[in-house]
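Position in the sequence shown (first residue = 1) + 92 = our numbering. In what follows, a structure is listed as structure tokens, so that the remarks can point back to it.
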Amino acid sequence: MMYIVTMIIFSSMLFSANAIGMVTKTLGNVEYRNSNTGSTKQLTLGNFLYNNDQIITKEDGFAIILYIDDKSQVKIQSNTELTIRGAASAGEIAKQINVTNGTIKANVSKQQSSDFTLVSPTSVAAVKGTDFWGIIDENVGDTFCGLSGKVEITNSLTGQMVELVQNTTAVSLKNGNLSVATTQAGDIPQDQDPNQNDTGEQEIRIPFQNEAGEQKELIIKIQNN
């Protein structure tokens, strides 16, 4: 499924300083740890995200995060632990998701000067623009399923690299083994997003306060195709 995301209300005052992403959906028990304060709280809709912030979804947890420069989207499935990273340069954020354990589905907009990178204890996935699944097991290894575009998967132990494309599945193991094959029934996880099969336009309204203390509303329109 393709998501066309439009944000209404753009201004230099819209996002908190240094924010690299925001939360557009959260369900169940999802823990958020701020990298600057070290404080932990329940993740909420509209939560701004900063470099090195951590998100942990519990058994009933699910969240969607959006990078604010190009609307690249990551769906965080249950029982997942990750750190969101990003460095802004010339209007673009160099994006990195460090997944310790769990499952994500990424819808990555075409990147200009740098890759979108997923880093796990076993592998590195470098993405220019694509949709893919990452299933991360810190004890065994990783499985990546290509939905569109191209992803370069590198095993961190051996440095071996394979190319993941549509309808292929790559398996990268802790022992250094790395393989790619045609995707089989059962390879792709079930998306926990309750709106995954919706068509038409979805509108999300998120209240926020700008730096002047004024109450504003961010409107995000998502076109599901």
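Ideal Cβ placement from N, Cα and C applies to all residues, glycine included.
A Cβ-Cβ distance of about 5 Å is found for the pair C237 and T261, placing them in contact under the 8 Å criterion.
According to the DSSP assignment, T136 belongs to no beta strand (DSSP E), since it is labelled neither H nor E. Per DSSP, the beta-bridge partners of N190 are T175 and V211. When rounded, the separation of the alpha-carbon atoms in T235 and G305 is 45 Å. Take T274, set aside five residues on each side of it, and the residues of its chain with a beta-carbon closer than 7 Å to its own are N259 and T260, in chain order. Per DSSP, V232 lies in no beta strand (DSSP E) segment and is marked neither H nor E. Secondary structure of E295 (DSSP, three-state): strand.
With a beta-carbon spacing of about 13 Å, G194 and N231 fall beyond the 8 Å limit used to define contacts. By the C-beta density criterion, Q276 is exposed, having fewer than 16 other C-beta atoms within 10 angstroms. Between I157 and G113 a beta carbon distance of about 5 Å is seen, short of the 8 Å cut, so the two are scored as contacting. For Y124, the enclosing beta strand (DSSP E) covers residues V122 to R125.
Apart from the 5 residues on each side of it in sequence, V216 sits with its Cβ closer than 8 Å to the Cβ of T209, L210, I245, T246 and S248 in its chain, given in chain order.
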